[in-house]
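Step one of this worksheet: look at the structure below.
Protein chains: 2
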Amino acid sequence: MTTRADVAKLAGVSESTVSYVLSGKRSISEKTKKRVLEAIKTSGYKSNYAAAALAGGNSKVVTMMISNLFTTPSSRINGALVEGIVDGVSAHGYHGVIWPVSDNDDTDVDSLLKSNFSGGVILMNVKENDQRVQLFNRENIPFVVLGRTQVDFAYNYVDRDFREVEITAISHLVDFGHEHIGVLVSNFGLTSHLKEVASKFKTKLHLIDVPNTPEGGANLSSIIRDKYPKVTAIISFLDAATIGFLEKAHESGLRIPEDLSIIGVNILETQATATLPPLTTVLFDAYEMAKSCGELLVEVMENSKASKPQGRLWTGELKIRATVAKVRDSK
Amino acid sequence: MTTRADVAKLAGVSESTVSYVLSGKRSISEKTKKRVLEAIKTSGYKSNYAAAALAGGNSKVVTMMISNLFTTPSSRINGALVEGIVDGVSAHGYHGVIWPVSDNDDTDVDSLLKSNFSGGVILMNVKENDQRVQLFNRENIPFVVLGRTQVDFAYNYVDRDFREVEITAISHLVDFGHEHIGVLVSNFGLTSHLKEVASKFKTKLHLIDVPNTPEGGANLSSIIRDKYPKVTAIISFLDAATIGFLEKAHESGLRIPEDLSIIGVNILETQATATLPPLTTVLFDAYEMAKSCGELLVEVMENSKASKPQGRLWTGELKIRATVAKVRDSK
DNA sequence: CTGTTAGCGCTTTCAG
DNA sequence: CTGAAAGCGCTAACAG
Chain A
1 MTTRADVAKL AGVSESTVSY VLSGKRSISE KTKKRVLEAI KTSGYKSNYA AAALAGGNSK
61 VVTMMISNLF TTPSSRINGA LVEGIVDGVS AHGYHGVIWP VSDNDDTDVD SLLKSNFSGG
121 VILMNVKEND QRVQLFNREN IPFVVLGRTQ VDFAYNYVDR DFREVEITAI SHLVDFGHEH
181 IGVLVSNFGL TSHLKEVASK FKTKLHLIDV PNTPEGGANL SSIIRDKYPK VTAIISFLDA
241 ATIGFLEKAH ESGLRIPEDL SIIGVNILET QATATLPPLT TVLFDAYEMA KSCGELLVEV
301 MENSKASKPQ GRLWTGELKI RATVAKVRDS K
Chain B
1 MTTRADVAKL AGVSESTVSY VLSGKRSISE KTKKRVLEAI KTSGYKSNYA AAALAGGNSK
61 VVTMMISNLF TTPSSRINGA LVEGIVDGVS AHGYHGVIWP VSDNDDTDVD SLLKSNFSGG
121 VILMNVKEND QRVQLFNREN IPFVVLGRTQ VDFAYNYVDR DFREVEITAI SHLVDFGHEH
181 IGVLVSNFGL TSHLKEVASK FKTKLHLIDV PNTPEGGANL SSIIRDKYPK VTAIISFLDA
241 ATIGFLEKAH ESGLRIPEDL SIIGVNILET QATATLPPLT TVLFDAYEMA KSCGELLVEV
301 MENSKASKPQ GRLWTGELKI RATVAKVRDS K
């Protein structure tokens, strides 16, 4: 194994110079830098992660804990989130890895804690009263939650600003005369503000609970017909179900958006433009949001002392694709 | 931060004794062991992963690289595999993490290599001519491939013994008089031996290519009716598609197994017993297979020298659930 | 702009 | 059965 010392000898500089070339933490003349870089290449030197972590007193590894990674049909959104986090932290020299957790067992979390392996954690898909939140907090491990469970979440988090997002979507629908709007969700944890928003716009909101799967969406039009006949527009928080719904819509003779308008508020743009018709959305840039989440975690890790918990909320602008239709006069 | 030294002082022993209590690498009197363990608990000591890795000269982290983790509908099988690997390696004191790879970018693989972070790698969902295989081999990084791409794979691997599995399935079907058997696959990389098996049993095999999704399976019965009218039995390598198929089967008036017999050969038992009717399978214990894969990697890591590449093949016995029907006499 | 050096916390050999 | 001590390869403070 080649070490920093070998490289130093080869380049004819001191060991610390090699380190500083690699870290960029002090200025180096172009000449020596070039020589060092060359020596690194010819020697095939690879830095030793463990030594760096030990000497630096910090673990530059960020672990992502994703609940239900394999038990729910994985949405593309998870992919965008992971990619964003990885990019967000690796820009600061950190590595992002996924720490596998089985759903019915806490030993995974334990072993993470006990190993002192990870310098920080990002919790994804947290449920209400998720024990891990308390645990990491108590153990004083830097962590950020991506997607909070309560509006007044008291720890570091990054999430969409659901309230703003809904106002954007609803105000657009209200402008077009919709009075009964269905809201597609798969759990009701974060819907506390909906009433307030609804009354502000003098609209009736109907919470519709379907699983976020293509099949869940495929059943939707009959559910609406049977149970929510007054609904003329949908705001959807579900990506897979929305796509499944749109695919089946014309089969069941439902025209989008003439018969039913739909706005996706939690769907990637690549997904929204791939549907037929393309979906009107409130922009959801999961990648950027996750990247910011990664950066927040790095900040937290680097000022591990003090600094109050902060929340970062992400909204997005309206992207009109299929025109949202006015409610028919016949109504 | 409490260190081993603190614990040693508290317990009134030397630092090395603490280490040996933890590692179990030499015998310790019950008395001191108890005292040390107690001191560990009261001091809240947590071992420092980086220091251990540096001093020990090895990284006890195993990274799993799973292609398309988020772009294919995640099958439960991946979950079982990951769980198996984690358990397999953690029994030997290793940590298993998932290293996220974006499908269109090699920088992830690079950064893994350059960081010297991982002591060993498990490659999953490898494609034919996967570049990573060559790369890890050249860089001399211990790795095992879970699911090979060729029958004569020249590196360490763990996989199902497809040939044996198929013989089990086919011989059962042949016993019941089936002469045209459809084989459900989503890629044709490993089908080279099928011809041989088919001729051995004087059976005609029809490769049927459907995506491994519930929707893919839902379309299957019409595909068979239209394109493969002679087929009276199916051997399926696809889990999600098979489940989708069975769900739709009776809707389309197809009786299982009377009209079409089906044997799942790549489906978890929990999935197979949840279908209606329960699926006849050739047992596929993904968890145990993956566990063995993790153990193989640990072996490779610990004798990093020499030792020729080895392959471990897993077969399974027939589990008859729905009786496989005899071909109708009318044929 | 560059070199020297003291550790980081642990593993493991050597010596009892 | 237990202790002492030499590093593992790197970071970062200190000294030019």
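Heads up: the sequence lines are chains A and B, in that order.
Anchor point for the first sequence: position 239 equals 239 in UniProt numbering, and the numbering is continuous, going up by one each time.
Anchor point for the second sequence: position 32 equals 32 in UniProt numbering, and the numbering is continuous, going up by one each time.
Think of the CB as a built atom: it goes at the ideal place given N, C-alpha and C, for glycine as much as any other residue.
Chain-ordered listing is empty here: chain B has no CB closer than 8 Å to the CB of residue 9(A), the nearest sitting near 20 Å.
As summarised for the stretch 219-288 of chain B, the continuous alpha helix (DSSP H) elements at least 4 residues long and confined to that stretch are 220-227, 239-249, 269-274, given in chain order.
Ranked by Cα distance from residue 323(B), the options 58(B), 28(B), 173(B), 243(B) are led by 173(B).
The beta carbon of residue 164(A) sits closer than 8 Å to the beta carbons of 313, 315 from its chain, once the five residues preceding and following it are set aside; these are given in chain order.
With 16 or more other Cβ atoms inside 10 Å of its own Cβ, residue 271(B) counts as buried.
In this structure, the CA atom of residue 309(B) is about 11 Å from the CA atom of residue 137(B).
Residue 123(B) carries a strand assignment under DSSP once its states are collapsed to helix, strand and coil.
Ranked by Cα distance from residue 213(A), the options 5(A), 241(A), 227(A) are led by 241(A). Assigned with DSSP and collapsed to three states, residue 49(A) falls in helix. Three or more Cβ pairs closer than 8 Å define a contact, and the stretch 67-83 of chain A meets that threshold against the stretch 260-275 of chain A. Contacts with chain A at 8 Å (Cβ-Cβ) include residue 117(B).
Counting only residues of its own chain and dropping the five nearest sequence neighbours on each side, residue 198(B) has a CB closer than 6 Å to the CB of 205. Pairwise C-beta distances place the stretch 37-51 of chain B in contact with the stretch 9-18 of chain B, as three or more of them are shorter than 8 Å. In summary, the residues of the stretch 89-100 of chain A whose CB is separated from some CB of chain B by less than 8 Å are 90, 95, 96, 97, 98, 99, 100, in the order they occur in the chain.
One alpha carbon belongs to residue 287(A), the other to residue 130(A), and they sit about 24 Å apart. Taken in chain order, the unbroken stretches of alpha helix (DSSP H) that lie wholly in the stretch 107-184 of chain A and span 4 residues or more are 107-115, 131-139, 162-175. Taken in chain order, the complete alpha helix (DSSP H) segments of 4 or more residues contained in the UniProt domain "HTH cro/C1-type" (3-46) of chain A are 4-11, 15-23, 30-43. Under the DSSP assignment, residue 316(B) falls outside any beta strand (DSSP E); it carries neither an H nor an E label. At least one beta carbon of chain B lies nearer than 8 Å to the beta carbon of residue 79(A).
Residue environment analysis places residue 142(A) among the buried positions, since at least 16 neighbouring C-beta atoms fall within 10 angstroms of its C-beta. The beta carbon of residue 54(A) falls within 8 Å of a beta carbon belonging to chain B, placing the residue at that interface. When Cβ-Cβ separations below 8 Å define contact, residue 47(B) makes contact with chain A. For residue 183(B), the closest alpha carbon among the candidates 21(B), 7(B), 263(B) is that of 263(B). Taking a C-beta distance under 8 Å as the contact criterion, residue 64(B) and residue 88(B) do not qualify as a contact pair.
The C-beta of residue 114(B) comes closer than 8 Å to at least one C-beta of chain A. Separation of the CB atoms of residue 235(B) and residue 166(B) is rounded to 7 Å, and the pair is thereby assigned contact status at 8 Å. In this structure, residue 176(A) keeps its C-beta atom at 8 Å or more from the C-beta atom of residue 319(A). When rounded, the separation of the alpha-carbon atoms in residue 126(A) and residue 152(A) is 15 Å. Contact check for residue 145(A) against residue 94(A) fails: the beta carbons are separated by 8 Å or more. Taking 8 Å as the threshold, the shortest C-beta distance from residue 83(A) to chain B falls below it. Boundaries for residue 96(A): no alpha helix (DSSP H) harbours it, while the beta strand (DSSP E) harbouring it runs 95-98, taken from the DSSP string. The three-state reading of DSSP puts residue 1(A) in coil, since its state is none of H, G, I, E or B. At a cut-off of 8 Å between beta carbons, residue 76(A) contacts chain B. Note that the C-beta distance between residue 186(B) and residue 254(B) is not below 8 Å. For residue 62(A), there is no enclosing alpha helix (DSSP H); the enclosing beta strand (DSSP E) has its first and last residue at 61-66.
Looking at the DSSP output, residue 209(A) shares a beta bridge with 185(A).
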